[in-house]
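Numbering (our numbering), first residue to last: 1136 to 1348. Yeah, the Cβ is synthetic: ideal placement off N, Cα and C, and Gly gets one too.
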Ligand code: SAH
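Written out as structure tokens, the structure reads:
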């Protein structure tokens, strides 16, 4: 299978055609080999227009959703970004091609281990992983130039607001367990500015400041 061709097709047909226009985002999608982030039995489906199972009851998001959320962070290239919910590691890999440092937290050790191994293999050495409850953020490396939450949250956690810099954004799917609204929150000197982007469906964010486990 010609994965490079499938990948370029995905970029044109699923991202560019739907309005993803940030060149840095499109370049990252052309570069990162998505088929390596899905279980082997789904290799051939990796560039299709939908989420896929990654084991442990979790999913890798639809390519368009990953691109949209990345674009919403409004990245310049020098940032330090925190991701909540490493999962397969694909979103972190996309970010790592655009920004300086990526920090990512996953609550399921097996998924974190798999992602870690892949990052070592690919030489993506600006991604830093941790196993733990991401609803509490990662204070040690704060403040961040952006936080991206890739699981469904019942609310906007104060901790996330505290852990981003002024001028930075929080991208978070907020709503019920069954359906959410992708929300972008910008922290400015004058306050917080929220905008709703679109409806979406993510697996639940489980933890102290998320849904109860
Ligand atoms: N960004 C991922 C998508 C993962 S799905 C990717 O690119 O593949 C959401 C992930 O969030 C799951 O792996 C789930 O285990 C994880 N998750 C749920 N609650 C969490 C929490 N409190 N802290 C860290 N990770 C969490």
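(message) Under 7 angstroms: does the beta carbon of residue 1153 sit that close to some heavy atom of the ligand SAH?
(response) no
(request) Kindly identify the DSSP beta-bridge partner or partners of residue 1288. (result) 1309
(request) Determine the burial state of residue 1364: buried for a count of at least 16 other Cβ atoms within 10 Å of its Cβ, exposed for fewer. (result) Residue 1364 lies beyond the residue range present for the chain, which begins at 1136 and ends at 1348; the question has no answer from this structure.
(message) Considering just the uninterrupted stretch of the alpha helix (DSSP H) at residue 1329, what are its terminal residues?
(response) Residue 1329 -> not in any alpha helix (DSSP H); beta strand (DSSP E) instead, spanning 1326 to 1335.
(message) So for residue 1185, helix, strand or coil by DSSP?
(response) coil
(message) For residue 1197, which residues in the same chain have their Cβ closer than 7 angstroms to its Cβ, ignoring the five residues on either side in sequence?
(response) 1184, 1185 and 1186
(request) Mark residue 1247 as exposed unless 16 or more other C-beta atoms lie within 10 angstroms of its C-beta, in which case mark it buried. (result) Classification for residue 1247: buried.
(request) Go ahead and pull the three-state DSSP assignment for residue 1233. (result) Here residue 1233 sits in helix by DSSP.
(message) Using only the alpha-carbon positions, how far apart do residue 1165 and residue 1295 sit?
(response) 30 angstroms
(message) Rounding to the nearest angstrom, what Cα-Cα distance links residue 1276 and residue 1180 in this structure?
(response) Their Cα atoms are separated by approximately 36 angstroms.
(request) For residue 1263, write down the residues that DSSP places opposite it in a beta bridge. (result) 1238
(request) Kindly list the residues whose CB is nearer than 6 angstroms to the CB of residue 1335, restricted to its own chain and excluding five residues on each side of it in sequence; keep chain order. (result) 1308, 1315 and 1317
(message) Using C-beta distances below 6 angstroms, list every residue in its chain close to residue 1233, excluding the 5 sequence neighbours before and after it, in chain order.
(response) 1159, 1163 and 1210
(message) Which residue marks the beginning of the beta strand (DSSP E) containing residue 1141, and which one marks its end?
(response) Per DSSP, residue 1141 belongs to no beta strand (DSSP E); it is in the alpha helix (DSSP H), 1138 to 1145.
(request) Report yes if the CB atom of residue 1227 is closer than 8 angstroms to the CB atom of residue 1218, and no otherwise. (result) Yes, the Cβ-Cβ distance between residue 1227 and residue 1218 is below 8 angstroms.
(request) Taking residue 1370 as part of the alpha helix (DSSP H), name the residues at either end of that continuous run. (result) Here the chain covers residues 1136 to 1348 and nothing more, so residue 1370 does not appear.
(message) Using a 10 Å radius around the Cβ and a threshold of 16 neighbouring Cβ atoms, would you call residue 1237 buried or exposed?
(response) buried
(request) Kindly indicate which three-state DSSP category residue 1226 falls into: helix, strand or coil? (result) helix
(message) Going by C-alpha to C-alpha distance, which of 1323, 1177, 1200 and 1172 sits closest to residue 1257?
(response) Checked all of 1323, 1177, 1200 and 1172; the closest Cα to residue 1257 is 1172.
(message) When you measure from the CB of residue 1184 to every non-hydrogen atom of the ligand SAH, does any distance come out below 7 angstroms?
(response) no
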